[in-house]
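Under the working numbering, the residues of the sequence shown are numbered 35 to 352, in order.
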Amino acid sequence: MPIDLQRGQRALDTSLPVIRSQVPLALDEQALECFVVTARCGCFMQAARRLNLKTVALRKRLAALEARLGYSLFVNVHNNPVLSQQGRRLLLVLQARETGATSAQPRDEALPVRLAVAAPLLHDLLGRNLINFVRQHAGMRLQVANLEAGGEADVTLWLGDLATPTRLHAPGQGQPQALGTLDYVAHIAKRYVREANRPTSLADLQDYMLVHWQGDAQVAALAPWHAVVQARQGGVTLIEDYPMYNQLIKCSACVGLLPHYASHLDRGLLALPEVFRKPMRRRVWLAVNGKAQDDPLVQVLVGAIRAAFDERREWFEG
Numbered sequence: 035m036p037i038d039l040q041r042g043q044r045a046l047d048t049s050l051p052v053i054r055s056q057v058p059l060a061l062d063e064q065a066l067e068c069f070v071v072t073a074r075c076g077c078f079m080q081a082a083r084r085l086n087l088k089t090v091a092l093r094k095r096l097a098a099l100e101a102r103l104g105y106s107l108f109v110n111v112h113n114n115p116v117l118s119q120q121g122r123r124l125l126l127v128l129q130a131r132e133t134g135a136t137s138a139q140p141r142d143e144a145l146p147v148r149l150a151v152a153a154p155l156l157h158d159l160l161g162r163n164l165i166n167f168v169r170q171h172a173g174m175r176l177q178v179a180n181l182e183a184g185g186e187a188d189v190t191l192w193l194g195d196l197a198t199p200t201r202l203h204a205p206g207q208g209q210p211q212a213l214g215t216l217d218y219v220a221h222i223a224k225r226y227v228r229e230a231n232r233p234t235s236l237a238d239l240q241d242y243m244l245v246h247w248q249g250d251a252q253v254a255a256l257a258p259w260h261a262v263v264q265a266r267q268g269g270v271t272l273i274e275d276y277p278m279y280n281q282l283i284k285c286s287a288c289v290g291l292l293p294h295y296a297s298h299l300d301r302g303l304l305a306l307p308e309v310f311r312k313p314m315r316r317r318v319w320l321a322v323n324g325k326a327q328d329d330p331l332v333q334v335l336v337g338a339i340r341a342a343f344d345e346r347r348e349w350f351e352g
C-alpha cells in the first residue's frame with residue numbers, strides 16, 4: 035500500500051508528541067532498514083524478499099524495534115501493514131536523514147552480478163533455478179546476457195567441445211569446469227509421426243521439413259546435421275530465436291536437432307536416435323571470473339547453476 039507522505043507531514047502539526055529530528059543512536063540500523071523497506075513495500079512477504087530474510091525474522095526485528103521505541107509502527111489492515119501515525123513520522127525522519135546523507139556524499143550504485151549464458155541452457159535447464167535465485171535475492175542487481183553478446187561476465191555458462199572448451203576466454207574468466215555432456219539427437223513431435231514408422235535413416239528425412247537453429251551453425255561437433263541441412267534445396271526453416279525453434283519442432287511437423295534431454299522436458303517429443311549413426315556430443319562448461327569468485331552472491335548463483343544440473347544428473351554423462 036502506498037505511503038501518504040503528505041498526510042504524514044500534516045501529522046507533525048497535530049497533537050502527537052514531536053519525534054526528534056535525529057534517530058537515537060542506540061537503535062539498530064538493520065531494524066530501521068527493515069522498517070523503511072516494509073513501509074515502502076506495504077507487504078511483509080515482499081519486504082522480507084527484498085531484505086533476503088524470512089518473514090518471521092522480519093517481523094521479529096520490527097517487533098523488537100517497536101518495543102525499543104515504545105509505540106507501534108504499523109497497524110494491520112486486511113492483513114497488510116499500514117503505517118501508524120507514529121510510524122509515518124518516523125519514516126519522514128529517516129527519509130530526511132537519508133536525503134541529507136545522499137546530498138552530502140552520493141552513494142555508489144550496487145555493482146551487478148553478470149551472468150552470460152548460452153540460449154539453450156538458459157531456456158531448457160536454468161529457468162526454474164534462476165527464478166528461485168531472483169526471488170530469494172530481490173535486492174540485488176542481476177544482468178543476464180546472451181553469450182554471443184560478448185564482454186566480461188562474473189559467471190559464464192556455455193557449450194563447447196568434449197575435451198576442451200572451444201569458446202575464447204573472456205577477460206578475467208577463470209578455469210572452465212565441466213558440468214555435463216549432451217548427446218544431440220533429431221526430434222519430432224509425437225503427434226506428427228507414429229513410433230512404429232518413425233524415421234530411422236537419413237533417407238527417411240526426405241519426407242519431413244527440417245528446422246535449424248542458426249546458433250549451432252558453426253559448431254563442428256554437429257557436422258552430420260549441418261550436411262543434411264545444407265544439402266536441402268527446400269523444406270528447411272532457418273531461425274535465430276531458440277524458443278521459437280523449439281515451438282516449430284513441437285507444432286509444425288518439423289524435425290530438429292535437440293539435446294537428448296528434450297524428451298524429458300516435453301513428453302510430446304519423440305527422439306529419432308537411429309537417423310544419425312555418428313554421435314554428436316558437446317559438453318557444458320562453467321567458468322567464474324577471478325575478480326568475482328569471492329563475491330557471496332556470485333557463489334550463490336554458481337550454486338544455483340550447479341543445482342540445476344545436479345537435480346537432473348541422470349540426464350547427463352560424465
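For every residue, glycine included, the Cβ atom is placed at its ideal position computed from N, Cα and C.
Check your understanding: Helix, strand or coil for residue 85 per DSSP?
Key -> In the structure shown, the three-state DSSP call for residue 85 is helix.
Review point. Taking just the CA atoms, how far does residue 169 sit from residue 319?
Key: Each residue's CA atom was taken as its position, placing residue 319 and residue 169 some 25 Å apart.
Check your understanding: Just checking my contact of residue 315 with residue 194 at CB under 8 Å: how many whole Å lie between their CB atoms?
Key -> Not a contact, Cβ separation roughly 11 Å.
Practice item. Determine the DSSP secondary structure at residue 177, reduced to helix, strand or coil. Key: It is a strand residue.
Practice item. Could you have a look at residue 234 and say whether DSSP puts it in helix, strand or coil? Key: Three-state result, residue 234: coil.
Review point. What's the C-alpha gap between residue 350 and residue 214?
Key: Going from the Cα of residue 350 to the Cα of residue 214 covers about 5 Å.
Review point. Apart from the five residues just before and just after residue 258, which ones in its own chain have a Cβ nearer than 7 Å to its Cβ?
Key: Around residue 258: 310, 312 and 314.
Review point. Where residue 143 and residue 242 are concerned, what is the direct C-alpha to C-alpha distance, given to the nearest angstrom?
Key: Residue confidence for residue 143 is low, a pLDDT of 47 falling below 50, so the modelled location carries little weight; the figure read from the coordinates is stated next. Rounded to whole angstroms, residue 143 to residue 242 spans 54 Å at the Cα level.
Exercise for review: Using 10 angstroms around the beta-carbon of residue 78, count the other beta-carbons present and answer buried if the total reaches 16, otherwise exposed.
Suggested key: So residue 78 counts as buried.
Practice item. Assign residue 316 to one of three DSSP states: helix, strand, or coil. Key: Residue state, collapsed to three classes: strand.
Practice item. State the beta-bridge partners of residue 309 as determined by DSSP. Key: Partner(s): none; residue 309 has no beta bridge.
Practice item. Check each candidate in 155, 126, 289 and 122 and name the one with the smallest Cα separation from residue 299. Key: Ranking 155, 126, 289 and 122 by Cα distance to residue 299 puts 155 first.
Point to revise | Beta-carbon gap between residue 222 and residue 282 smaller than 8 Å | key: Contact flag unset, no.
Point to revise | residue 192 vs residue 176 beta-carbon contact at 8 Å | key: Annotated as distal: residue 192 and residue 176, with beta-carbon spacing of 8 Å or more.
Exercise for review: Tell me whether residue 350 sits in a helix, a strand or coil according to DSSP, three-state version.
Suggested key: In the structure shown, residue 350 sits in coil (DSSP, three-state: anything other than H, G, I, E or B).
Check your understanding: When the Cα atoms are used, what is the spatial distance from residue 138 to residue 147?
Key -> Low confidence applies here, because residue 138 scores a pLDDT of 41, under 50, leaving its location unreliable and the question unanswered by this model.
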